[in-house]
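Trainee: First the structure, then my questions, so here it is.
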Amino acid sequence: MEIETLFQEAMEHLQASRPLQAISCLQKAAELQPTLAATHYNMGVIYFDQGNFPESAEAYRLAHERAPHDPDILYNLAITLKKQNKTEDAATCYEKLLLISPDDTDARYNLGIIYKNMNLREKAATCFEQVLSRDPNFIPAHNHLAHLHHKAGDTEKAIPHYQQVLRLDPGHTAAKHMLASLLGETTDSAPSAYVKEVFDHFEDYDQSMQTNLCYTTPGQLRNLLEKSLPEKEKFENGLDLGCGTGLSGEAFRDDVKTLTGIDLSPVMLAKASEKGIYEALYEMELVSFLEMSDETFDFFIAADVFVYLGNLEPLFRQIKKHATPGACFLFSTEKTDKDFILQGTGRYAHAESYIQKLAKKTGFTVRSNVSANIRKEKGEWIEGNLYLLECRA
Numbered sequence: 001m002e003i004e005t006l007f008q009e010a011m012e013h014l015q016a017s018r019p020l021q022a023i024s025c026l027q028k029a030a031e032l033q034p035t036l037a038a039t040h041y042n043m044g045v046i047y048f049d050q051g052n053f054p055e056s057a058e059a060y061r062l063a064h065e066r067a068p069h070d071p072d073i074l075y076n077l078a079i080t081l082k083k084q085n086k087t088e089d090a091a092t093c094y095e096k097l098l099l100i101s102p103d104d105t106d107a108r109y110n111l112g113i114i115y116k117n118m119n120l121r122e123k124a125a126t127c128f129e130q131v132l133s134r135d136p137n138f139i140p141a142h143n144h145l146a147h148l149h150h151k152a153g154d155t156e157k158a159i160p161h162y163q164q165v166l167r168l169d170p171g172h173t174a175a176k177h178m179l180a181s182l183l184g185e186t187t188d189s190a191p192s193a194y195v196k197e198v199f200d201h202f203e204d205y206d207q208s209m210q211t212n213l214c215y216t217t218p219g220q221l222r223n224l225l226e227k228s229l230p231e232k233e234k235f236e237n238g239l240d241l242g243c244g245t246g247l248s249g250e251a252f253r254d255d256v257k258t259l260t261g262i263d264l265s266p267v268m269l270a271k272a273s274e275k276g277i278y279e280a281l282y283e284m285e286l287v288s289f290l291e292m293s294d295e296t297f298d299f300f301i302a303a304d305v306f307v308y309l310g311n312l313e314p315l316f317r318q319i320k321k322h323a324t325p326g327a328c329f330l331f332s333t334e335k336t337d338k339d340f341i342l343q344g345t346g347r348y349a350h351a352e353s354y355i356q357k358l359a360k361k362t363g364f365t366v367r368s369n370v371s372a373n374i375r376k377e378k379g380e381w382i383e384g385n386l387y388l389l390e391c392r393a
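Residue 233 in full-length UniProt numbering sits at position 233 of the sequence shown; the count goes up by one each step and never skips.
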């Protein structure tokens, strides 16, 4: 059978949603003409669309061997390798591509993101700057440059890029929030879209939190509960506020009969679901969930959640409405001497006096309050507080 006929049949199978038959035709074509890159390239596309990234990468690799100077093959191979978390291999593909096509802005931008994820700050910044030299209005490059400079503590370089993002897109919630943090402006809370974006793009969350940031807050809160209420039997119904991937759920699963988790990030919720520790999971903003729920709970946990909320009163009032008498409310905060502030990190901190006043105002009693190291930032411990509140009848 002729190569052209096999290709035509493959395309007809694809149009009729028969990918396996299309691949079969392309495999026959590859046997007839082993040096042809197009057969392997098209198989790579089909495998990718099916979510079969290992086979897709292998097909693109074979295509690259046959056409080593084809930038499209390298681009697709890089994307496929990135899908498999083969970050360094993906970077190598983009680097090769840019030697062939130095004006490929998409490849340079994608390489910048990979360098950023690999903590190669200078290389990442160079990529984003080169992208902006070709397209000064490319918002994502400005935003990533701002974040790189912000993370490095170079406020003077970060601010202009955040400002440029907002000039080009006044509704950009992440840039608005981070610019406010650098300018010393305190808002009531981080925008939901910003929080969702942060965690949707947080790769290897559990390992990063526990290893890189030395995050042990769920375990510390578990110890606080044990010391404060040593004779307490299992709680009936628990609510994990901002549950993320379920680190708190894992810590407290044996202390509560039924556990529900709420979070803004579908990516985090998918990982939490895999652990099988929650009876129910909801993708919602915390106050919105409580406003629509008719359930009551005798246990609430919010570990490393209030760093994204400044004014806690609306949430405390909703929790009180859904709390049974004597319900336990555990949470952590970062430390400040003001009521609450938006810090330069983009995270909120809360004063002990603010929590005391708010608890009294909304119907809670502070049973325990201890100072603790919450997490590490640039190798230094962030000081905070761990609280156990009890709902008054």
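Backbone N, C-alpha and C define an ideal beta-carbon position, used for all residues, glycine too.
1. So does the region 359-366 actually touch the region 271-289, counting three or more Cβ pairs closer than 8 angstroms?
2. Cα separation between S17 and L32?
3. Quick one: what's I341 bridged to in DSSP?
4. What is the residue span of the beta strand (DSSP E) that D240 lies within?
5. For L168, which of K157, Q130, G246 and A141 has the nearest alpha-carbon?
6. Give the secondary structure of N373 by DSSP, where H, G and I count as helix, E and B as strand, and everything else as coil.
7. Among the candidates K157, L182, H149 and P71, whose CA atom is the shortest distance from the CA of D103?
8. Please classify S133 as buried or exposed, where buried requires at least 16 neighbouring CB atoms within 10 angstroms.
9. Three Cβ pairs or more, each shorter than 8 angstroms: is that satisfied between the region 275-293 and the region 337-355?
10. Please list the segments of the alpha helix (DSSP H) lying wholly inside the region 91-127, counting only runs of 4 or more residues, in order along the chain.
11. Which residue's Cα is closest to the Cα of F177: L309, L6 and C328?
12. Label G384 either buried or exposed according to how many other C-beta atoms from any shown protein chain fall within 10 Å of its C-beta, with 16 as the threshold for buried.
13. Can you tell me where the alpha helix (DSSP H) with Y162 in it begins and where it stops?
14. State whether the region 318-327 contacts the region 339-350, with contact taken as three or more CB pairs (one from each stretch) at a distance under 8 angstroms.
15. Using alpha carbons as the reference points, say which of G261, A63 and F235 lies closest to G326.
16. What are the boundary residues of the beta strand (DSSP E) that includes D263?
17. DSSP three-state call for T296: helix, strand or coil?
18. Between R108 and the rest of its own chain, which residues show a CB-CB distance below 8 angstroms, the 5 nearest in sequence each way excluded?
19. Return helix, strand or coil for S248, following the three-state DSSP convention.
20. Starting from Y308, trace the alpha helix (DSSP H) both ways and give me its first and last residue.
21. Shortest alpha-carbon distance to Q356 belongs to which of L388, Y194 and I374?
22. CA-CA distance, T258 and L111?
23. Give me the Cα-Cα distance between K123 and Y115, rounded to the nearest whole angstrom.
24. Let me check one thing: in DSSP terms, what residues is I382 bridge-paired to?
25. Where M11 and S248 are concerned, what is the direct C-alpha to C-alpha distance, given to the nearest angstrom?
26. Assign L14 to buried or exposed, taking buried as 16 or more other Cβ atoms, counted over all protein chains shown, within 10 Å of its Cβ.
27. Give a yes or no on whether the C-beta atoms belonging to L221 and V305 are separated by under 8 angstroms.
28. May I ask you to list the residues that DSSP assigns as paired with C328?
Mentor: Here's the rundown:
1. no
2. Within the sequence shown, the letter at position 17 stands for residue 17. Within the sequence shown, the letter at position 32 stands for residue 32. If you take the alpha carbons of S17 and L32, they lie about 25 angstroms apart.
3. By one-based count along the sequence shown, residue 341 stands at place 341. According to DSSP, which records beta bridges pairwise, I341 is partnered with A349.
4. What you label residue 240 is simply residue 240 of the sequence shown in a count that begins at 1. First-last of the beta strand (DSSP E) with D240: F235 to L241.
5. On the sequence shown, residue 168 is found 168 positions in, with the first residue counted as 1. Nearest C-alpha to L168: A141.
6. Walking along the sequence shown from the start, residue 373 turns up at place 373. In the structure shown, N373 sits in a strand (DSSP, three-state: E or B).
7. For the purposes of this step, residue 103 is identified with residue 103 of the sequence shown, where counting begins at 1. Measuring from the Cα of D103, the nearest candidate turns out to be P71.
8. As a first step, residue 133 is located in the sequence shown; it is residue number 133 there, counting from the start. Exposed, because fewer than 16 other Cβ atoms sit within 10 Å of the Cβ of S133.
9. no
10. 105-117
11. Sequence index remark: in the sequence shown, residue 177 carries index 177 (1-based). Looking at the sequence provided, one finds His at residue 177 rather than Phe. Proximity to H177 across L309, L6 and C328 peaks at L309, based on C-alpha coordinates.
12. Residue 384 sits at position 384 when you count from the first residue of the sequence shown. With 16 or more other Cβ atoms within 10 Å, it is buried.
13. Residue numbering aside, residue 162 sits at position 162 when the sequence shown is read from its first letter. Note, Y162: alpha helix (DSSP H), T155 to L168.
14. With a cut-off of 8 angstroms, the region 339-350 and the region 318-327 do not count as touching, because too few Cβ pairs lie within range.
15. As a working note, residue 326 is residue 326 in the sequence shown. The shortest C-alpha separation from G326 is found at F235.
16. Along the sequence shown, one-based indexing puts residue 263 at 263. From DSSP, the beta strand (DSSP E) with D263 extends over V256 to D263.
17. Numbered from its first residue, the sequence shown carries residue 296 at position 296. Of the three classes helix, strand and coil, the one that applies to T296 here is coil, per DSSP.
18. Within the sequence shown, residue 108 is the residue found at index 108, counting from 1. So the qualifying residues of the chain are Y94, L98, C127, Q130 and V131.
19. Here residue 248 refers to the residue found at position 248 of the sequence shown. Three-state DSSP puts S248 in a helix.
20. By 1-based counting over the sequence shown, the position of residue 308 is 308. Segment: none, Y308 is in no alpha helix (DSSP H) and carries neither H nor E.
21. Counting from one through the sequence shown, the residue named residue 356 turns up at place 356. Nearest option by C-alpha distance: L388.
22. Translated into positions along the sequence shown, residue 258 becomes position 258. Translated into positions along the sequence shown, residue 111 becomes position 111. One C-alpha to the other measures close to 45 angstroms.
23. As a working note, residue 123 is residue 123 in the sequence shown. As a working note, residue 115 is residue 115 in the sequence shown. In this model, K123 and Y115 are separated by some 6 angstroms (Cα to Cα).
24. As a working mapping, residue 382 is identified with position 382 in the sequence shown. Paired residue(s): R375.
25. In the sequence shown, the residue the question calls residue 11 occupies position 11. In the sequence shown, the residue the question calls residue 248 occupies position 248. If I take the Cα positions, the gap works out to 50 angstroms.
26. Numbered from 1 along the sequence shown, position 14 holds the residue referred to as residue 14. The residue in question, L14, is buried, as its Cβ has 16 or more Cβ neighbours within 10 Å.
27. Indexing the sequence shown from 1 puts residue 221 at position 221. Indexing the sequence shown from 1 puts residue 305 at position 305. Contact: no.
28. To locate residue 328, count along the sequence shown from 1; it is residue 328. The partner list for C328 (beta bridge, DSSP) reads F299 and E390.
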